[in-house]
Structure formats: structure tokens, C-alpha cells
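Heads up: take any position in the sequence shown, counting from 1, add 218, and you land on the numbering used here.
No residue lacks a Cβ here, since even glycine has one placed at the ideal position from N, Cα and C.
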Amino acid sequence: MKIPDAYFGGGLGQRVAQPAPALHTDASGDVAVGQAAQLLGQNLLQTATDQNEFQGRIDLQQAHDLKAEMERKQREQEAELKAQAKERELAAAKREYLNFAPQLSALQQKIVDDPDTAPEDYPAAFRDQAQKLASDTLYPKLNEHQRNTIESQVMEHINQGSEQIYKTGQQEINDGAWAESIATLDALKNDPTKDVRTKIAIIKDDNFFGDTGRPAHDIEDTRQKAIQEIITEDAAHRFNALKPNTKAKDPIKASLSMLDTFRQQITATDANGQYTYNPEWDQKTREEYVSMALAKKQALEAQAEQLRRERDTQAKQEATNLVMELKDKVKTGWIPTTAADYKFVATVRKYSALSPSLSRQYSDAMSYTTDFGKRMELKKADPLGVAAAEHGVQLPALNMLDVTNLPKQIAGRLAVAKQLGVNAVFRGDEIKALSEYLQTLPARDQVKLISTISRPLGPAISSATFNSAAEQVRLAHPDQAVMFKLYASGKPAEAQLYAEGRSYLNGEKKDFLKDKFGAIQQDMTDRINKQLGSALAAMPEARNTTRDAVATVYLAEAQRRNAPLDSVDKDLLTDVVRRVAGNTVHTGAAYFGSGKTTIVPDGMNGDQFLNSIKAITPKDIAKRGGIDGMNDADAARFLKSSAWHEWNGGYTFVRDGKPLYGKSGRPFVFRLDDGIGAR
């Protein structure tokens, strides 16, 4: 039992009891008992009172503790609420700050894009405008506490932005300086007033690129690249400048000599072993151009060999044609009587020496004779000296003074020439007179005369007879021969244009036109050669005037259209070449690799021509007399894969470098107008 505090000196919780006071003895026992009981009651009462007081104190203390705890919790809650309020304020301030940050980025871009703000002014302009932007758009939205909280962050952001835009400005300044350096470098590389050594010395100057902010290795790489470009450009210029005299007798040989000289020059060294030709070239460039010169030389040598083979083939083909022509002549009774005749015989003799076979044929032709005296008398009886009377044909002389009936006379002469199968149509004096007469006519009347001549002849013989006439006219007046040829090929419009073109070139403005035309002549010739390709080498007689014919028709067309003559109209020229020379197509690709350009017959396009070739059968070969040394099936297969060479309205062929002959001993000529696809 806990002793009440009342029994102790105010101590709490002491369990040491004080001794009870001594009882007063009384004589009377009842008194003593009563007193004891009274004292006990008092003690019990005091104990209860003390207990009540103690409990009260405990309750009071608990109440005090509860109040203190409640006040503490209230203070904590108030503090937490205040902290939350501050956090909300700070969050709101941060939100405004985050919304403001993109405006700073946009401001940076705005300043950079402003053409009136120099790169060196970017930082100052950004700081001033950023601070004003914060004062105008951000700070008014914040209270003092919020502003104090984030202002340092805003300033830090502005400082960072200022640093960034400073770098941007510095980069722009460096880029501008670099661009100026590159522009100066390009101008120097293209400066025609400075040689290679001077250019390289300027570029190697340490101050050439200036302060551009570029890494040293970038600058050095650019420097070395520019030097290499200058060296390479100079080398290419010197190499491409190697142009031989195109008027030389053998341009390819001249080119080969020049290439050898160039190779010797660029590899020549002095006594110290230093290169004497462009010493600033590096070894790689020098070796490259030595290799290029060697490759070009090898290509030219191959070209020369190819041309030699083609010339040999062409010469043999021409020799064959001449021998066949001689044989045809002597079979009609022709014998040489004039200087031109003897010149022809000498030419045939010269060409026939190319092969034993041709030589034998020449000897056989010259030994072919008839009654010589009789033939001489007959030859004197007609103007062409072809013994026409022997064939029962009258061949009167042309009356060149009878201009009205001249077309009819010429037509009759052509018809007789066709009937006799002779090439000669006019006497020499008649050719001269006819040529002079044609020159007096306007372009329109020249073609009209030819048209009048051809009308009674009909299409069946016009082409061949007109070609014969053109061959004779060519000797007196090549330009008029071209007009005859065009008309004979079924091209009267082109013949008219050709006559007009010649009139322009011989008219009042001839000097002006020849000067203007001469300026574009080479370009035009190159384009004609490119379009016709190897077909030029296999065109019929007068092919040497093909380019002039195209150019003359082009001039007439240009004059009709009032087109300028300062440059070549590529589309017009392409059309004129096609109209004058004809469509072209490649044949013989399977046999020759690259094939040969071939002129297709008038009225055909390339596809039609190739389809005709594909349709050839053995019977088509047999129909044309066959090919010597080949059966008809093999011959048909060979023709389908061979190159076709246009000649006199037909096509000839070459095998192993030699022309093909028919079984008759004459060159094999395939004419498409004889029909294709025989069964």
C-alpha cells in the first residue's frame, strides 16, 4: 500500500512509514479505546483526503499534458499548412518560370535572325531584352516572396542564354571569316593572271586563312586540297591542250608524236634528279598523267589500226566496184578514147593491184573486144560514143539553145542511157552547157527543170538514171549533182531547199552568210559525224559532199524560219540530217561487237529495216544469185548478223575483212526492193 503523502514530509511514493504517536494511557480503558478509534478515524479520513488530493493532482497534470499536446499539434499543423502554402507559391512561381523559359529561347532565335543585329552584339542585346522581358511578362505575375525565390534562377538562365548566344555569334563570325577565305581561295584558283607556283605560294602563307576559329587540321586539310586541285587542274589543262594539227596529213600520227613528247617532258629531270616540268606537281599527279598519256596513246594506236583495216576494206570494196564498172563498160562496147577515159582505166589498174583476183579481172576486162573498127565508127555516130546505133537506138545530140524543149531532150537522153545500160548520159561539152544553164535559173526553176525531166521517165527508172546524170554533173558542178541526187532519192523538197541554200551562199549576202555560217561549221560537222557515224564511210558516190548538202539545206531552213545562225539548232540539224541522208540504224552488232551505222532505205525507219533483215530466208539469197563459198542457209544467217554497207541503192557485206562475192563473180549486192521473205 502506498502511504499517503500527508503522513510524510510531502514526499511522494515513499514506502517508509513514520512511527505512530504514542497513545496516552488512561485509567479508563473505554476512553483509551475511544481515543484510539477516534484517532484511527481521523487517520483514515486524512488518508482519503490525501488520496483525493493526489488523484486531483494527477487529473490536473493529465489535463495540462493533453492541452500542451493539443497546442503542440496545432502549432505543427499551422507550420505544415504554412509550409504547404509556401510550396504552392513556389510551385506557382516555378510554373511561371517554366512558361517564361521558352520565351528566352525564342528571344535568342529572334536576335540571331535579326539582320540588323551584328553577331558581336548578340550577348548584350540578349541580356537587355531578356531582363526587360522578365520585368514585363514574368515578375508582374509573382508576389515578392515568389520573385525573391526564383529571381536568381531567372538571372542564371539569362546568363546561360547570354553565354550560348555569345557562342552562336562567335560561330557566325568564324563561319563568315571562313566563307570569305574559301571565296578568296576559289577566286585565286581561277585567277588566269597567276601561274601555279604563285597560287601555291599564296595559299601556303600562314596568314592566308586568318582567324576563322577552325581547327588547325581542318585548315591544313583545306590548304592541301586546294593545292592539289590547282595542280590537277593545271595538269588537266596542259594535257587537254595537246591538240595536233587537224590539217596534218595523218592527224593520229601527229597526236602520237605529241603524246610521246608530253610523256618525255613531264618525266624529264635535271642533274639533281629534280623534275624540270612543273616541279610543284606531286608524284601521284605526275604518274597519273604519264598513265593517261600512255592510255591515250594506246587508244590512238588501236584507232589507227582500226582505220587502217577499214581503209583497206574500203579500198578493196572500191577496187571491186571499179573493176565491175570497167567490166560493165567493155561489155557494152566501151573503149577509152578521152583523157577522162584513160584516167578511169589507170585508176582501175591501180586499185586492181590490191589483190590477185582483181588484177585478173582487170586483165580480162581489158582483153574484152569486139570489131574495133566498126565500134569506132558507131561511136562517132552518136554524141555519147557508146555505139548506140549498134543497139538500134538513135541518140541525137542535145540542142542546148532550144531551152523550151531542153527538159524533153534530156529526158530522152536519160531514157536511152537506161535502155543501153550505160552510165554516161551527157558529153563533156553538154555537161558544161547544162551546168551553166542551171546556174542562170533561180532555185525554184532549177528543181522545176529536174521535175520536168523526170516526169516522162516514171519512177521505175528515175532514181538510177538521175544518179547516172548526177555522177557526170558532179565533175562539172558538184553542187548541182547533189541537187540531182536528192531529187533522185525522192526528196524534191530537200532538193529545193538545197538550191535555195546555194542561192543564199552565192547571193548578195554571201560574204556575211559564209562568215556567220563558218563560225558554226565545225560544231555542225561534229554533230553530223556523230549522227551518221560509220555510215559516212559507206555512203554512195558524192558522199564527200554529204556534210555540205546537210549544211546547205540547214541554212535554207534557217533562213525560211528566220532562225539565228549564231549557234546550231540541234533539233533542226537532226531533222535535216535525217531528211537529207536518211534514217540510220546499227547493224552487225552480233558480228562486229559495236556494229556499224547504216543508212536505211528511203521510206523506212530503223525498226522496219531491221525487221526486213530478220525476215531474210535462204530463198532470198538464191533469188539474188547466191554468195560464193556459202550455201544459201548459211548466207541468210550471216546477213542477219553482219554489218550492212549502203552502196548504190543496195547493200554490200564484208567477211574476214574481204567483200562478199556472188556466184557470178561480181560483188554480192542485196537490194530490199527485190522483195524479202521469199518462201
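Review point. Under a CB-based cut-off of 9 Å, is L356 close to chain E?
Key: Note that chain E does not occur in the displayed structure, where there is just one protein chain.
Practice item. Answer yes or no: do I421 and A405 have a C-beta to C-beta separation smaller than 9 Å? Key: The residue given as residue 421 occupies position 203 in the sequence shown. The residue given as residue 405 occupies position 187 in the sequence shown. No. Outside cutoff.
Practice item. Find out if the Cβ-Cβ distance for the pair T770, G719 is shorter than 9 Å. Key: The count along the sequence shown starts at 1 and reaches residue 770 at position 552. The count along the sequence shown starts at 1 and reaches residue 719 at position 501. Cβ atoms of T770 and G719: closer than 9 Å.
Check your understanding: Is the region 470–490 close to the region 420–436, with three or more CB pairs under 8 Å?
Key -> With the cut-off at 8 Å, the region 470–490 and the region 420–436 do not touch.
Review point. Using the beta-carbon count (16 or more within 10 Å), is L704 buried or exposed?
Key: By 1-based counting over the sequence shown, the position of residue 704 is 486. Classification of L704: buried, given that the 10 Å Cβ count is 16 or more.
**Study point:** Cβ neighbours of L518 in the same chain (closer than 8 Å, five flanking residues each side left out)
**Key:** To locate residue 518, count along the sequence shown from 1; it is residue 300. Once the five neighbours on either side are set aside, the close Cβ partners of L518 are I470, S473, L474, L477.
Review point. Excluding sequence positions up to five away, which residues of its chain have a Cβ less than 8 Å from the Cβ of I376?
Key: Start at 1 with the first residue of the sequence shown, and residue 376 comes out as number 158. For I376, where only same-chain residues beyond five positions count, the Cβ hits under 8 Å are L322, F344, R345, A348, Q349, A352.
Review point. How would you call K417, buried or exposed, if buried means at least 16 neighbouring beta carbons within 10 angstroms?
Key: Counted from its first residue, the sequence shown places residue 417 at position 199. Classification for K417: buried.
Point to revise | N- and C-terminal bounds of the alpha helix (DSSP H) containing Y722 | key: Position 504 of the sequence shown, counted from the first residue, corresponds to residue 722. Residues 710–724.
**Study point:** Whole-Å CB distance - P877 paired with Q579, under 8 Å assumed
**Key:** By one-based count along the sequence shown, residue 877 stands at place 659. By one-based count along the sequence shown, residue 579 stands at place 361. So it is not a contact: roughly 13 Å between Cβ atoms.
Practice item. Locate the beta strand (DSSP E) running through G824, then write down its first and last residues. Key: For the purposes of this step, residue 824 is taken as residue 606 along the sequence shown, with counting starting at 1. Segment 824–832 is the alpha helix (DSSP H) holding G824; no beta strand (DSSP E) there.
**Study point:** Distance, V700 Cα to Q777 Cα
**Key:** Taking the sequence shown and counting its residues from 1, the one referred to as residue 777 is at position 559. Taking the sequence shown and counting its residues from 1, the one referred to as residue 700 is at position 482. In a straight line, the C-alpha of Q777 is about 20 Å away from that of V700.
Exercise for review: Mind checking which residues open and close the alpha helix (DSSP H) that includes Y772?
Suggested key: Within the sequence shown, numbered from 1, the residue matching residue 772 stands at position 554. Unbroken alpha helix (DSSP H) run through Y772: 764–778.
Review point. Which residue from I831, Y879, P337 puts its Cα closest to that of I894?
Key: To locate residue 894, count along the sequence shown from 1; it is residue 676. Measuring from the Cα of I894, the nearest candidate turns out to be I831.
Exercise for review: Starting from the Cα of A397, find the closest Cα among A301, Q295, T764, G431 and give me that residue.
Suggested key: As a first step, residue 397 is located in the sequence shown; it is residue number 179 there, counting from the start. With distances taken between Cα atoms, A397 lies closest to G431.
Practice item. Report back the beta-carbon spacing between F888 and R842 to the nearest angstrom; my notes put them in contact at under 8 Å. Key: Working through the sequence shown from its first residue, we reach residue 888 at position 670. Working through the sequence shown from its first residue, we reach residue 842 at position 624. At roughly 6 Å, the Cβ-Cβ gap stays under 8 Å, so F888 and R842 are in contact.
Review point. Are there 16 or more other CB atoms within 10 angstroms of the CB of M742, so buried, or fewer, so exposed?
Key: Position 524 of the sequence shown, counted from the start, is the residue given in the question as residue 742. When all chains shown are included, M742 counts as buried.
**Study point:** Rounded separation between I221 and V249 - CA only
**Key:** Residue 221 sits at position 3 when you count from the first residue of the sequence shown. Residue 249 sits at position 31 when you count from the first residue of the sequence shown. Caution applies to I221, whose pLDDT of 48 falls short of 50 and renders its modelled position unreliable; the model cannot decide the point.
Point to revise | Nearest-angstrom Cα separation, counted from H282 out to L263 | key: As a position in the sequence shown, residue 263 is number 45, starting the count at 1. As a position in the sequence shown, residue 282 is number 64, starting the count at 1. Computed Cα separation, rounded: 28 Å.
Check your understanding: Between the Cα of R884 and the Cα atoms of D784, L667, V541, which residue gives the shortest distance?
Key -> Along the sequence shown, read from residue 1 onward, the residue named residue 884 stands at position 666. Minimum Cα distance to R884 is reached at V541.
Practice item. Give the single residue among Q714, P782, D874 whose Cα lies nearest to the Cα of F735. Key: Here residue 735 corresponds to residue number 517 of the sequence shown, with the count starting at 1. Just measuring C-alpha positions, the residue of Q714, P782, D874 sitting nearest F735 is P782.
Review point. Within this structure, are the beta carbons of L791 and V768 separated by less than 9 Å?
Key: Translated into positions along the sequence shown, residue 791 becomes position 573. Translated into positions along the sequence shown, residue 768 becomes position 550. Yes.
Check your understanding: Helix, strand or coil: which one does DSSP assign to R873?
Key -> Position 655 of the sequence shown, counted from the first residue, corresponds to residue 873. Secondary structure of R873 (DSSP, three-state): strand.
Exercise for review: Can you check the region 264–300 for any beta strand (DSSP E) of at least 3 residues that lies completely inside it and give the ranges in chain order?
Suggested key: Within the region 264–300, no run of beta strand (DSSP E) reaches 3 residues while sitting entirely inside it.
Review point. Which one of I391, Q516, L890 has the shortest CA to CA distance from Q826?
Key: Taking the sequence shown and counting its residues from 1, one reaches residue 826 at position 608. Of I391, Q516, L890, the smallest CA-CA separation from Q826 is found for L890.
**Study point:** Per DSSP, the bridge partner or partners of G880
**Key:** Stepping through the sequence shown from its first residue, residue 880 is reached at position 662. In DSSP, G880 forms a bridge with I845.
Point to revise | Start-to-end residues for the alpha helix (DSSP H) that takes in P341 | key: Along the sequence shown, read from residue 1 onward, the residue named residue 341 stands at position 123. 340–351 is the extent of the alpha helix (DSSP H) around P341.
Point to revise | Reference S721, options R779, L652, A661, T764, closest by Cα | key: The sequence position of residue 721 within the sequence shown is 503, counting from 1. When each option's Cα is compared against that of S721, the closest is A661.
Point to revise | DSSP state of Y705 mapped onto helix, strand, coil | key: For the purposes of this step, residue 705 is identified with residue 487 of the sequence shown, where counting begins at 1. If DSSP states are grouped into helix, strand and coil, Y705 belongs with the helices.
Review point. In terms of alpha-carbon separation, which member of S570, L656, K709 lies closest to V795?
Key: Position 577 of the sequence shown, counted from the first residue, corresponds to residue 795. When only C-alpha atoms are compared, the closest one is K709.
Practice item. Please confirm if the region 488–507 is in contact with the region 525–533, defined as three or more CB-CB distances below 8 Å between the two stretches. Key: no
Check your understanding: In angstroms, rounded to a whole number, what distance separates the CA positions of I252 and L258?
Key -> Here residue 252 is taken as the residue at index 34 of the sequence shown, counted from 1. Here residue 258 is taken as the residue at index 40 of the sequence shown, counted from 1. Strictly speaking, residue 252 in this sequence is Gly, with Ile absent from that position. Spanning the two alpha carbons is a distance of roughly 10 Å.
Review point. Looking at the structure shown, is I817 part of a helix, part of a strand, or coil, going by DSSP?
Key: The count along the sequence shown starts at 1 and reaches residue 817 at position 599. Residue state, collapsed to three classes: strand.
Exercise for review: Please go through the same chain and pick out, in chain order, the residues whose beta-carbon is closer than 7 Å to the beta-carbon of E498, but skip the five residues on each side of it.
Suggested key: Here residue 498 refers to the residue found at position 280 of the sequence shown. Hits under 7 Å: V414, R415, I418, I449.
Check your understanding: Counting along the chain, where does the alpha helix (DSSP H) carrying N408 start and finish?
Key -> By 1-based counting over the sequence shown, the position of residue 408 is 190. Per DSSP, N408 belongs to no alpha helix (DSSP H) and is neither H nor E.
Practice item. Could you work out which residue in E381, N747, F886 is closest to G847 when comparing CA atoms only? Key: Mapped onto the sequence shown, residue 847 falls at position 629. Here the closest residue by C-alpha is F886.
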